[in-house]
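Every position in the sequence shown, counted from 1, becomes a number in the working numbering once 44 is added.
Where a beta carbon is used, it is the ideal one built from N, C-alpha and C, also for glycine.
The structure presented is a predicted model; accordingly, all values stated were derived computationally and were not measured.
Below is one structure; the comments refer to it alone.
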Amino acid sequence: MAEPPVLCVDGVCRQLQHPTGFSPGTIEIVKSVGIKGVNQNPDVRTIQQALNDVPPGQGRPNVTLKVDGICGPHTKDSIQSFQVKHFGWKGADGRVDPYYKTIAKLNEVTSGGGRTVGIGSDQNRIQRVTAMLNETLSTIRSARANLLGALPVVDSPETSSPISAFGRAELMRKANAHFRIDDHPSPKRRGTIEQATRIYDRMLDVFARPGGLWGPAIFEIDPLHQPSIAYTFGGGYFSGGRFETIRGTQLRRDSIYLCDLLDLQGNDWFVISIVHELSHFCGGLTGSAEHIRDHAYGWYDAPKMKALKASQLLFNATSYSNFAFDTKFSRRPARVNF
Ligand SMILES: [Zn+2]
């Protein structure tokens, strides 16, 4: 029996993929425009005007569009032609979605070249991603070190501890913020920290795979051009050499696929996204006791995160990415709408 496929393409993880780290340009829409789009009149007007503003040779409509808010065949064709020009036929679904790559490209080409947030080539992406992956790696190391520092605290009883109350609170502060270790009964605290440490250890293992980071090693460029930041298979760490066919394309279960929208992410959100995916990847297989899910998203003080039980936090992907980020940078990620 195959487990449900790609955890982070469908379902709840799409919420993470929504690139909240992407700061919109001046062209903004509320709902989708184009083929099978919602096509609210003001949004359609925005896109019609934006297409008319595209410089010559960059996918501007042959005949200037009437800015009337009605998404007729001419408007739909113009969206598609613009997409073909910039993304090829594979990326040309004839629809502009809020925050996604077509609106990003419209902002880029109509801004007179001032902004360069566009979708890079695969090669450019690999260069940037490789640099950012080193940053991500040190973030994971930082998380692990912080947890190891907390272990002696949970081992020594609070009353007779050689660690001062202040030192104790400080050593446990971030682990408690993100995983609420002290909400577990004291005999279970060590096991809880060890469980989280195990996940980060596996992440470090992933980076240490022989053969480097790319190709069959671990990270690959998404061949499906999903409107996502990244996706992976839950428990992929344990699925070496296994494949899954999605929409006619063979995907490795033991890879993390990096998507077009990753190029639009700021550095903070890049690190958060990769650690998030890695935690799905390094947890157990779907359905197993160690399977890491998306119970909630947001920073630890967001209401949905606060509503989770401590036992859920230990199996919540965002808790792993938040904790790692916090241990390295001592702040919440920038430009994320938590
Ligand atoms: Zn997820």
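Report the residue from L150, I225, P267 and D312 whose alpha carbon sits nearest the alpha carbon of F359. If you number the sequence shown from 1, residue 359 lands on position 315. The residue with the shortest Cα to Cα distance from F359 is I225.
Rounded to the nearest angstrom, how far is the Cβ of S299 from that of F263, given a contact under 8 angstroms? Translated into the one-based positions of the sequence shown, residue 299 becomes position 255. Translated into the one-based positions of the sequence shown, residue 263 becomes position 219. With 8 angstroms as the limit, S299 and F263 qualify as a contact, their Cβ atoms being about 7 angstroms apart.
What do you reckon, is the C-beta of D266 under 7 angstroms from a heavy atom of ligand 1? In the sequence shown, residue 266 corresponds to position 222, counting from 1. Incorrect: D266 has no Cβ contact closer than 7 angstroms to ligand 1.
What does DSSP give as the partner residues of A294 in its beta bridges? Locating residue 294 in the sequence shown gives position 250, where the first residue counts as 1. A small correction: the amino acid at residue 294 is Gln; Ala does not occupy that position in the sequence shown. Residue pairing of Q294 in beta bridges, as defined by DSSP: T289.
Alpha-carbon to alpha-carbon, S230 and R172: Counted from its first residue, the sequence shown places residue 172 at position 128. Counted from its first residue, the sequence shown places residue 230 at position 186. When rounded, the distance between both Cα atoms is 44 angstroms.
Between I114 and T90, is the Cβ-Cβ spacing less than 8 angstroms? Position 70 of the sequence shown holds residue 114. Position 46 of the sequence shown holds residue 90. Not a contact, by the Cβ cut-off of 8 angstroms.
Going by DSSP, name the residue or residues bridged to A274. Position 230 of the sequence shown holds residue 274. A274 is bridged to L302.
Report whether the distance from the Cβ of A361 to the nearest heavy atom of ligand 1 is below 7 angstroms. Here the question's residue 361 lines up with position 317 in the sequence shown. Under cutoff, so the answer is yes.
If you reduce the DSSP assignment to three classes, tell me which class H140 lands in. To locate residue 140, count along the sequence shown from 1; it is residue 96. His is not the amino acid found at residue 140; the sequence shown has Val there. Strand, per DSSP.
Restricting to Cα atoms, I'd like to know which of R253, A252, A219 and F251 is closest to Q239. The residue given as residue 239 occupies position 195 in the sequence shown. Residue A219 is the option with its Cα nearest to Q239.
Other residues of its chain near S76: CB distance less than 6 angstroms, five sequence neighbours each side excluded: Translated into positions along the sequence shown, residue 76 becomes position 32. Correct list, in chain order: V82, R139 and D141.
Which runs of the alpha helix (DSSP H), 4 residues or longer, sit entirely within the segment 162-244? Listed in chain order, the complete alpha helix (DSSP H) runs (minimum 4 residues) inside the segment 162-244 are 166-199 and 209-223.
Quick one: Cα of A94 to Cα of N85, how far? By one-based count along the sequence shown, residue 94 stands at place 50. By one-based count along the sequence shown, residue 85 stands at place 41. Taking the CA atoms as reference points, A94 sits about 14 angstroms from N85.
For the segment 173-186 against the segment 303-320, do three or more pairs of beta-carbon atoms, one drawn from each stretch, fall closer than 8 angstroms, so that the two count as touching? The segment 173-186 is in contact with the segment 303-320.
Cβ separation of I265 and L295, assumed to be a contact under 8 angstroms, to the nearest whole Å: As a first step, residue 265 must be located in the sequence shown, where it is residue number 221. As a first step, residue 295 must be located in the sequence shown, where it is residue number 251. Not really, about 12 angstroms apart at Cβ, beyond 8 angstroms.
Boundaries of the alpha helix (DSSP H) in which R89 is found, first to last residue: Residue numbering aside, residue 89 sits at position 45 when the sequence shown is read from its first letter. Element bounds for R89: N85 to D97.
D345 Cβ short of 7 angstroms to ligand 1 heavy atom set: Your numbering for residue 345 matches position 301 in the sequence shown. For D345, the Cβ stays outside the 7 angstroms cut-off from all heavy atoms of ligand 1.
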